[in-house]
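> Once you've had a glance at the structure underneath, I'll fire off some questions.
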Amino acid sequence: MPGGRPRADTLQISFRVPTAWVKRAEAIAAALEEIGAEATTASVYRTALGRGLDALEKRHGIKSRSKR
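Start counting the sequence shown at 1066; every next residue gets the next number (our numbering).
Quick look at the structure:
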């Protein structure tokens, strides 16, 4: 889960998440930093969202037009 800025072919979005999710994402990023991985809260959200979309597409038999 690389930290830093995402690729140029991305779009910035904004939405609200429960406070508990923020705390969970911060804890995951901190745990990854402790083992030497570069991680930010934003990179945790990107990874979680990507994995969630993959799982939903698989569950509903949707073939993705674009993979990350």
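Beta carbons are placed, not taken as given, at the ideal position from N, Cα and C, and that holds for glycine.
Pick helix, strand or coil for D1074, following the three-state DSSP scheme.
Coil.
> Do we get a CB-CB distance below 7 Å when we pair P1083 with the residues of chain B?
Absent from the structure is chain B; it holds one protein chain and no more.
> Go to A1085, then tell me how far its alpha helix (DSSP H) extends in each direction, as first and last residue.
Run containing A1085: T1084 to E1099, per the alpha helix (DSSP H) assignment.
> Decide if V1109 is buried, meaning its Cβ has at least 16 other Cβ atoms within 10 Å, or exposed.
Per the 10 Å Cβ criterion, buried.
> Inspect the beta-carbon positions of E1138 and T1106 and report whether they are closer than 7 Å.
Residue 1138 lies beyond the range of the chain shown here (1066 to 1133); nothing can be said about it.
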